[in-house]
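**Student:** Once you've had a glance at the structure underneath, I'll fire off some questions.
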Amino acid sequence: MTKLGNILIPVDDLDKAIALYSGALGLAVRFRDGDRFAALDGGGTTVALVAAGERVTGEVTAPSYKVGDVAAALRELTGAGAEVVREPETGPHEIRAVLRDPSGNVFVLYSSL
1 MTKLGNILIP VDDLDKAIAL YSGALGLAVR FRDGDRFAAL DGGGTTVALV
51 AAGERVTGEV TAPSYKVGDV AAALRELTGA GAEVVREPET GPHEIRAVLR
101 DPSGNVFVLY SSL
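In structure tokens:
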């Protein structure tokens, strides 16, 4: 793992979520992809607001870890007891896979395109 890159937060209305997290909480919007995704500056970790089209972890908030090679990290983590929820896939901005730890917590691995 190179870093904790994102915290994925599922939202129903991206405009309302941005108003709260940016307007009221004060996190700067770094990037917005239409009505599907917004990246806010969380002080070293991106707070990623994800609408329906980007909810790779379903309805749960989940950490997203940047790795150099998703396939290699997936093999290592499944060998250590993680379960694959979604196989590696190419998204709009990265290659990503979704896993679940032995306690049932969901997390994402990703590498930039």
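Counting from 1, one number per residue, gives the positions in the sequence shown under UniProt numbering.
Yeah, the Cβ is synthetic: ideal placement off N, Cα and C, and Gly gets one too.
Measuring CB to CB, does Asp41 end up less than 8 Å from Leu20?
**Tutor:** no
**Student:** Excluding the 5 residues preceding and the 5 following Pro102 in the sequence, name in chain order all residues of the same chain whose CB lies nearer than 7 Å to its CB.
**Tutor:** Gly81
**Student:** Provide the residue span of the beta strand (DSSP E) that contains Val84, from first to last.
**Tutor:** 83-90
**Student:** Using 10 angstroms around the beta-carbon of Phe37, count the other beta-carbons present and answer buried if the total reaches 16, otherwise exposed.
**Tutor:** buried
**Student:** Near Pro10, which residues of its chain fall below 6 Å by C-beta distance, leaving aside the five closest residues on each side in sequence?
**Tutor:** Annotation for Pro10: Val50, Arg55, Glu59 place their beta carbon closer than 6 Å to its own, counting only its chain and skipping 5 residues before and after.
**Student:** Return yes when the C-beta of Lys3 is under 7 Å from any heavy atom of the ligand SAM, and no when it is not.
**Tutor:** Although the ligand SAM was asked about, the structure shown includes no ligands whatsoever.
**Student:** Starting from Val75, trace the alpha helix (DSSP H) both ways and give me its first and last residue.
**Tutor:** In the sequence as presented, Val is not what sits at residue 75; that position holds Arg. Arg75 -> alpha helix (DSSP H) spans 70-79.
**Student:** Alpha carbons only, please: which of Asn105, Ile95, Asp15 is nearest the one belonging to Ala72?
**Tutor:** Distance check between Ala72 and each of Asn105, Ile95, Asp15 places Ile95 closest, using alpha-carbon atoms only.
**Student:** In the DSSP assignment, what residue or residues form a beta bridge with Pro102?
**Tutor:** Under DSSP, no beta-bridge partner is assigned to Pro102.
**Student:** Take Pro88 as the anchor and find which of Tyr110, Leu77, Leu4, Thr78 has the nearest alpha-carbon.
**Tutor:** Among Tyr110, Leu77, Leu4, Thr78, the Cα nearest to that of Pro88 is on Tyr110.
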